[in-house]
Amino acid sequence: MGFNAGSCEECGQPTKQRIETATGRLVCQKCSDDILAASAAVALGGGAGEAVATRGWLRRAREWRLRGRS
Numbered sequence: 001m002g003f004n005a006g007s008c009e010e011c012g013q014p015t016k017q018r019i020e021t022a023t024g025r026l027v028c029q030k031c032s033d034d035i036l037a038a039s040a041a042v043a044l045g046g047g048a049g050e051a052v053a054t055r056g057w058l059r060r061a062r063e064w065r066l067r068g069r070s
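Each residue of the sequence shown is one higher than the one before, starting from 1 at the first, in our numbering.
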């Protein structure tokens with residue numbers, strides 16, 4: 001995985017740290033988490049609905065964890 005600053009190729013937001021996906025796209029941490037969660041749900045036999053649900057759960061868990069730090 002490579003790390004560098006710039007704009008996320010998925011959402012377009014500027015970011016200090018971009019993560020390279022398996023397909024070579026450079027995305028922010030949030031989009032990387034979304035891609036990973038959706039991929040995991042589909043790989044485990046779920047469809048699009050499970051992928052969206054898993055992505056939403058991961059976003060909420062991350063927001064909860066970050067809120068606890070402040």
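All C-beta atoms in this analysis are idealised placements derived from N, C-alpha and C, irrespective of residue type, glycine included. This structure is a prediction, so every number in the text was calculated from the model and none was measured.
Under the three-state reduction of DSSP output, Leu-58 falls in the helix class.
Counting of Cβ neighbours within 10 angstroms places Cys-11 among the exposed residues, the total staying below 16. Ranked by Cα distance from Ala-38, the options Gly-24, Thr-54 and Ser-7 are led by Thr-54.
Shown here, Gln-29 sits in a helix according to DSSP, grouped into three states. Short of 8 Å from the beta carbon of Leu-26, and not among the five residues preceding or following it, lie these beta carbons of its own chain, in chain order: Gly-2, Asn-4, Gly-6, Cys-8, Glu-9, Arg-18, Ile-19 and Glu-20. In this structure, the CA atom of Lys-30 is about 12 Å from the CA atom of Leu-66.
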